[in-house]
Amino acid sequence: MNIEIFKKRTPLEYVIYSSIIVVGVLLDQLTKLLSVKFLMPLHTVPIIKDVLHLTYVENTGAAFGMLKDHRWIFIVTSTVTIVAILLYLYLGHAESMLYGISLSMICSGGIGNMIDRLALGYVVDFIDFRLINFAVFNGADSFVTVGAGILILALILDMKKEIAKSRGAGK
Numbered sequence: 055m056n057i058e059i060f061k062k063r064t065p066l067e068y069v070i071y072s073s074i075i076v077v078g079v080l081l082d083q084l085t086k087l088l089s090v091k092f093l094m095p096l097h098t099v100p101i102i103k104d105v106l107h108l109t110y111v112e113n114t115g116a117a118f119g120m121l122k123d124h125r126w127i128f129i130v131t132s133t134v135t136i137v138a139i140l141l142y143l144y145l146g147h148a149e150s151m152l153y154g155i156s157l158s159m160i161c162s163g164g165i166g167n168m169i170d171r172l173a174l175g176y177v178v179d180f181i182d183f184r185l186i187n188f189a190v191f192n193g194a195d196s197f198v199t200v201g202a203g204i205l206i207l208a209l210i211l212d213m214k215k216e217i218a219k220s221r222g223a224g225k
């Protein structure tokens with residue numbers, strides 16, 4: 055039995071995945087730096103009153119303040135997740151480019167928030183979507199969320215292909 059665990063990637067795949075991770079981390083850290091410099095003194099700036107504000111928050115927990123002040127839990131779980139994703143991206147078998155892109159975005163967000171936790175002891179959040187009273191979040195959180203959405207889309211597309219293939223094989 056020949057099970058393909060490792061798949062040769064094209065140089066372009068390495069460039070795309072690495073670029074997504076590096077650019078995502080840089081954008082996240084830049085926006086957080088600007089948030090510290092300009093929002094910290096003001097605390098909040100309405101962009102669209104009662105809909106979208108930029109609000110400086112030092113988050114020592116997860117979303118909605120869960121596990122507040124347990125940064126080592128986040129550091130350990132983030133490290134394990136980031137290493138697993140990097141191994142999969144650079145050594146593992148990727149079903150499609152969508153999987154690689156989604157995992158690169160998730161990895162980028164994880165690294166961005168980990169940098170904050172290690173350097174500051176908290177994560178800088180600043181995007182305050184008040185229309186639905188949502189938690190204040192940051193660019194890294196957005197990368198993780200969009201990456202997870204793309205991953206779900208890739209899984210659904212693969213499931214549809216498998217269903218179509220099995221229906222075709224049954225005829």
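The numbering used here puts the sequence shown at residues 55 to 225. We put the beta carbon where it would ideally sit given N, CA and C, even for glycine.
Item                                                                                                                                                                : Value
Would you mind working out which of 183, 182, 158 sits nearest residue 204, comparing C-alpha positions?                                                            : 158
Considering only residues of the same chain and omitting the five flanking positions on each side of residue 161, which have a CB-CB separation below 6 angstroms?  : 75, 136, 139
Tell me, which residues are paired with residue 192 by DSSP?                                                                                                        : In DSSP, residue 192 forms no bridge with anything.
Tell me whether residue 104 sits in a helix, a strand or coil according to DSSP, three-state version.                                                               : coil
Taking residue 181 as part of the beta strand (DSSP E), name the residues at either end of that continuous run.                                                     : 177-183
To the nearest angstrom, how far is the alpha carbon of residue 234 from that of residue 114?                                                                       : Here the chain covers residues 55 to 225 and nothing more, so residue 234 does not appear.
Looking only at its own chain, which residues have a Cβ that is under 7 angstroms from the Cβ of residue 183, when we skip the five neighbours before and after it? : 106
In the DSSP assignment, find the unbroken alpha helix (DSSP H) run with residue 65 in it and report its ends.                                                       : 65-88
For residue 78 and residue 222, what's the separation of their Cα atoms in angstroms?                                                                               : 41 angstroms
In or out: residue 56 buried (at least 16 other Cβ within 10 Å) or exposed?                                                                                         : With a pLDDT of only 42 at residue 56, under 50, the local geometry of the prediction cannot be trusted, and no value is derived from it.
In the DSSP assignment, find the unbroken alpha helix (DSSP H) run with residue 187 in it and report its ends.                                                      : Counting along the chain, residue 187 falls outside any alpha helix (DSSP H), and DSSP gives it neither H nor E.
Helix or strand or just coil, what does DSSP make of residue 216?                                                                                                   : helix
My assumption, with CB atoms under 8 angstroms, is that residue 163 sits in contact with residue 197. Please give the rounded CB distance.                          : 4 angstroms
Could you spell out where the alpha helix (DSSP H) holding residue 128 opens and where it closes?                                                                   : 125-145
Just the Cα atoms here: how many angstroms apart are residue 219 and residue 175?                                                                                   : 50 angstroms
Which of helix, strand or coil does DSSP assign to residue 199?                                                                                                     : helix
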